[in-house]
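Peer 1: When we follow this note's numbering, the leftmost residue of the sequence shown carries the number 6, and every step to the right adds one. The beta-carbon is built from N, C-alpha and C at its ideal position, and this holds for glycine as well. No experiment lies behind these values; they were computed from the predicted model shown. Could you have a look at this structure, given as structure tokens, before my questions?
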Amino acid sequence: MLKLPEHSRAMRAALLLLLHIARGVADTCSTLAKNTDIEVATPLSLPYISEQNEYWSSSSIALKPSCILFPTSAAEVSVIIQTINEGNESFAIKSGGHNPNKYFSSVDGGPLISTARLNQAVLDSNTGVLRMGPGNRLDDIAAKLQGSGWTFVGGRIGNTGTGGLILGGGLSYMSAQYGWAASSALEFEVVLANGTVVIASDKENADLARALRGGGNNFGVVTTYTLQTYRQGNIWGGNVVFLHNKKVASNLLQAVRDFTEYNTDDRAAVIVTAERSTGLLIPELIDIELLDTWILFLFYDGATPPANIFKNFTEAGVPVLNTLKTQTYSDLIGGSNWVVVKGSVVTIGTETIPLPSSQDSSMVMEDIHAHWRKVSTKTLSEPGGIASIAYQPFPRTIAKQAKARAPDLIDADDDADRLILELNYSFIPKGDYNKMADTLEATYSGIRERVTGWQQQGILSEMYCPVFMNYGFYREDYWGRLKPESREFAQQVAAKYDPDEFFKNRTGGWKP
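Given below as structure tokens:
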């Protein structure tokens, strides 16, 4: 028997659904369209086409859900989940659609639950507590908080959906100050697999709250996040671009290593990215690379950074572009969406590595980068091909701040420094997906093999290096790279809140 929500409108809808299901009708789309006020967008309708095109990867766009559902409340999500329970359809839940792994936030032939209408954002201007729906993207929230004096711990690309970011942990320019994005989640409103709406916090259903911080889409549908925001005025940041040469590469690889260990100002953050592409649809017609650059993302949580804090980056070579300036956080985040390559298949993978010692830095960092350049060279003949690697500091201060705020499944040790590497390949022909997936796997696997070899030789320290969910490729073993006790905890939480394995069997993503 269905467990009905307390909201009267939802109760009426659920009663109608019981009658409809009793008559033998189990198709979610038609059932909801006939018996509820929930918006159901069908193929060829404008809302369907518009929402289906809001993915970062065209491989996700190519999957065609049977309909797209647009709930506006937890009660409507409850009705949807109860209805899906009555059939055997696969389904997906979409916040921003920035995860390019097929079937993680996309589905073929089953209903897609879009959270686009769950875009509420209510700030308590006295406490900085924000109640926010997963339909918001990062640039939406930044714009809504503009002028309030408060900011949130979000990602770095404005088009990113907030829901997937938080459930994956969420790395931010401000993580050294406040931990993961998920670390500032005080409370979650969650629709469970049976349709029950519950609150998860450190005071109520605390095990569920912890599992949601880094556990992905395995435990329920989060319809509201209650977040602690933080005081902020103008910030300083932007991009610096250098053309690639060996000297620039060596300088920047050394700079990002040293910053990770030696930076003591937690308001400063960097991402060091190398990018390569022919920029041509028919690259065999011309034997040159039109794009071989280093793109730096620099950030300071203040109007003016201390002198020389970024000197090793800005003076790594002669820049061809420098957009660094004092601006609002909203302007910075909103101006970052140029990194989203429309009309391309996108694949993303990752590795986490121990920070090499200063003595071994050059050998380790430059060997990893040489490996990436060797593998990525094979992709330059791919139509529309772009290859990138991002070196992102993961200093121990991030783990310390995360532990100080809220328990999570990542559970990173706070006595070691690391680097998170993000590996991207984008290209146009959808038929080349498997070939490019193999290339991505060769890239992160080659890095992993090098790291384990250096650890055996004593060049790198033995330490816990989890796969970062927000950047993970579907072939990577997310749960196997967490601490065994974290995986066991997630399995226990899933068994408690989803005993029939509804989310495990009916949705995509990594399963504990």
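Grab the span of the beta strand (DSSP E) containing Y305 for me, first residue to last.
Peer 2: Along the sequence shown, one-based indexing puts residue 305 at 300. From DSSP, the beta strand (DSSP E) with Y305 extends over L296 to Y305.
Peer 1: How many angstroms separate the CA atom of P504 from the CA atom of N223?
Peer 2: Against the sequence shown, residue 504 aligns to sequence position 499. Against the sequence shown, residue 223 aligns to sequence position 218. Cα to Cα, P504 sits roughly 12 Å from N223.
Peer 1: Using 8 Å for Cβ pairs, my map puts T402 next to A181. What's the rounded Cβ distance?
Peer 2: Locating residue 402 in the sequence shown gives position 397, counting from the first residue. Locating residue 181 in the sequence shown gives position 176, counting from the first residue. So it is a contact: roughly 5 Å between Cβ atoms.
Peer 1: If you draw a straight line from the alpha carbon of T309 to that of L301, how long is it in whole angstroms?
Peer 2: Within the sequence shown, residue 309 is the residue found at index 304, counting from 1. Within the sequence shown, residue 301 is the residue found at index 296, counting from 1. About 18 Å.
Peer 1: Check whether the Cβ atoms of L37 and V45 sit closer than 8 Å, and answer yes or no.
Peer 2: Numbered from 1 along the sequence shown, position 32 holds the residue referred to as residue 37. Numbered from 1 along the sequence shown, position 40 holds the residue referred to as residue 45. Yes, these two residues count as a Cβ contact at 8 Å.
Peer 1: Starting from C2 and walking both ways along the alpha helix (DSSP H), at which residues does that stretch end?
Peer 2: Absent from the model: residue 2. The displayed extent of the chain is 6 to 517, so no value can be given.
Peer 1: Once DSSP output is grouped into helix, strand and coil, what is the label at Y178?
Peer 2: For this step, residue 178 is matched to residue 173 along the sequence shown. Here Y178 sits in coil by DSSP.
Peer 1: Going by other Cβ atoms of all chains shown within 10 Å of its Cβ, with 16 needed for buried, is A375 buried or exposed?
Peer 2: The residue given as residue 375 occupies position 370 in the sequence shown. Counting Cβ neighbours within 10 Å, A375 comes out exposed, since fewer than 16 surround it.
Peer 1: Can you check the segment 172-240 for any alpha helix (DSSP H) of at least 4 residues that lies completely inside it and give the ranges in chain order?
Peer 2: Within the segment 172-240, the complete alpha helix (DSSP H) runs of at least 4 residues are 180-183 and 211-217.
Peer 1: Check whether the Cβ atoms of I146 and P116 lie closer than 8 Å to each other.
Peer 2: Translated into positions along the sequence shown, residue 146 becomes position 141. Translated into positions along the sequence shown, residue 116 becomes position 111. Against a cut-off of 8 Å, the Cβ pair of P116 and I146 comes out as no contact.
Peer 1: When you compare the segment 171-187 with the segment 363-374, are there three or more beta-carbon pairs, one atom per stretch, that lie closer than 8 Å?
Peer 2: Touching, no, given that fewer than three Cβ pairs across the two stretches are closer than 8 Å.
Peer 1: I'd like the list of long-range same chain contacts for E289, defined as Cβ closer than 8 Å, with 5 residues on each side in sequence excluded.
Peer 2: Residue numbering aside, residue 289 sits at position 284 when the sequence shown is read from its first letter. Note that E289 has pLDDT 42, beneath the 50 cutoff, so the model's placement of it is unreliable and the number below is only indicative. Excluding residues within five positions, the ones whose Cβ falls inside 8 Å are S386.
Peer 1: Is the segment 239-255 touching the segment 319-336, taking contact as three or more C-beta pairs under 8 Å?
Peer 2: Touching, per the Cβ criterion.
Peer 1: Within a Cβ cutoff of 6 Å, which residues of the same chain sit near G514, ignoring the five residues on either side of it in sequence?
Peer 2: Counting from 1 along the sequence shown, the entry for residue 514 is found at position 509. If we look at G514 and ignore the five residues flanking it on each side, its Cβ neighbours are F109, G221 and N222.
Peer 1: Express the C-alpha separation of T457 and L135 in angstroms, rounding to a whole number.
Peer 2: Start at 1 with the first residue of the sequence shown, and residue 135 comes out as number 130. Start at 1 with the first residue of the sequence shown, and residue 457 comes out as number 452. For L135 and T457, the distance between alpha carbons rounds to 42 Å.
Peer 1: Pull the bridge partners of E280 from the DSSP assignment, please.
Peer 2: Sequence index remark: in the sequence shown, residue 280 carries index 275 (1-based). Answer by DSSP bridge pairing, in chain order: T298 and S393.
Peer 1: State the CB to CB distance for the pair A273 and I338, rounded to an integer number of angstroms; the pair is presumed to be in contact (CB under 8 Å).
Peer 2: To locate residue 273, count along the sequence shown from 1; it is residue 268. To locate residue 338, count along the sequence shown from 1; it is residue 333. With a Cβ gap of about 17 Å, A273 and I338 do not count as contacting.
Peer 1: Whole angstroms are fine: how far does the CA of V195 sit from the CA of D129?
Peer 2: Translated into positions along the sequence shown, residue 129 becomes position 124. Translated into positions along the sequence shown, residue 195 becomes position 190. Roughly 21 Å between the two C-alpha positions.
Peer 1: Whole angstroms is fine: what's the gap from T41's alpha carbon to F508's?
Peer 2: The residue you call residue 41 lines up with position 36 of the sequence shown. The residue you call residue 508 lines up with position 503 of the sequence shown. Cα to Cα, T41 sits roughly 23 Å from F508.
Peer 1: State buried or exposed for D306, treating a residue as buried only when at least 16 other CB atoms are found within 10 Å of its CB.
Peer 2: Here residue 306 is taken as the residue at index 301 of the sequence shown, counted from 1. Label assigned to D306: buried.
Peer 1: How big is the Cα-Cα spacing for E266 and M137?
Peer 2: Within the sequence shown, numbered from 1, the residue matching residue 266 stands at position 261. Within the sequence shown, numbered from 1, the residue matching residue 137 stands at position 132. If you take the alpha carbons of E266 and M137, they lie about 35 Å apart.
Peer 1: Please report the distance separating the alpha-carbon of D413 from that of L217.
Peer 2: Here the question's residue 413 lines up with position 408 in the sequence shown. Here the question's residue 217 lines up with position 212 in the sequence shown. If you take the alpha carbons of D413 and L217, they lie about 8 Å apart.
Peer 1: May I ask you to report which of helix, strand or coil DSSP gives G29?
Peer 2: What you label residue 29 is simply residue 24 of the sequence shown in a count that begins at 1. With a pLDDT of 39 at G29, under the threshold of 50, the predicted position of this residue should be treated as unreliable, though the coordinate-derived value follows. G29: coil per DSSP, three-state reduction.
Peer 1: What residues are listed by DSSP as bridge partners for C72?
Peer 2: Position 67 of the sequence shown, counted from the start, is the residue given in the question as residue 72. DSSP output for C72 lists P116 as bridge partner(s).
Peer 1: Per DSSP, A147 forms a beta bridge with which residues?
Peer 2: Against the sequence shown, residue 147 aligns to sequence position 142. Bridge partners of A147: none, in fact.
Peer 1: Thinking just about the alpha-carbon of each residue, which of F304, S282 and P311 is nearest to the one in D297?
Peer 2: The residue labelled residue 297 in the question sits at position 292 within the sequence shown. Here the closest residue by C-alpha is S282.
Peer 1: Measuring alpha carbon to alpha carbon, tell me which residue in K252, G340 and L123 is nearest E320.
Peer 2: Counting from one through the sequence shown, the residue named residue 320 turns up at place 315. It is K252 whose Cα lies nearest to the Cα of E320.
Peer 1: Which residues share a DSSP beta bridge with P310?
Peer 2: The residue given as residue 310 occupies position 305 in the sequence shown. For P310, which the question treats as bridged, DSSP gives no partner whatsoever.
Peer 1: Rounded to the nearest angstrom, how far is the Cβ of N106 from that of Y479, given a contact under 8 Å?
Peer 2: Numbered from 1 along the sequence shown, position 101 holds the residue referred to as residue 106. Numbered from 1 along the sequence shown, position 474 holds the residue referred to as residue 479. Confirmed, Cβ separation roughly 4 Å.
Peer 1: Apart from the five residues just before and just after I464, which ones in its own chain have a Cβ nearer than 6 Å to its Cβ?
Peer 2: Counting from one through the sequence shown, the residue named residue 464 turns up at place 459. Correct list, in chain order: D365.
Peer 1: Determine the extent of the alpha helix (DSSP H) in which F264 is found, giving its start and end residues.
Peer 2: In the sequence shown, the residue the question calls residue 264 occupies position 259. First-last of the alpha helix (DSSP H) with F264: K251 to Y267.
Peer 1: Using the Cα positions of I394 and L360, report the straight-line distance between them to the nearest angstrom.
Peer 2: What you label residue 394 is simply residue 389 of the sequence shown in a count that begins at 1. What you label residue 360 is simply residue 355 of the sequence shown in a count that begins at 1. Their Cα atoms are separated by approximately 17 Å.
Peer 1: State the Cα-Cα distance for the pair N58 and T167, rounded to the nearest angstrom.
Peer 2: Taking the sequence shown and counting its residues from 1, one reaches residue 58 at position 53. Taking the sequence shown and counting its residues from 1, one reaches residue 167 at position 162. Distance between the alpha carbons of N58 and T167: 18 Å.
Peer 1: Would you call the segment 482-492 and the segment 436-449 touching, i.e. three or more CB-CB distances under 8 Å?
Peer 2: With a cut-off of 8 Å, the segment 436-449 and the segment 482-492 do not count as touching, because too few Cβ pairs lie within range.
Peer 1: May I ask which residues mark the beginning and end of the alpha helix (DSSP H) holding P48?
Peer 2: Indexing the sequence shown from 1 puts residue 48 at position 43. Taken as a continuous stretch (DSSP letters only), P48 belongs to no alpha helix (DSSP H), as it is neither H nor E.
Peer 1: List the DSSP bridge partners of W155.
Peer 2: Counting from one through the sequence shown, the residue named residue 155 turns up at place 150. Paired residues: R236.
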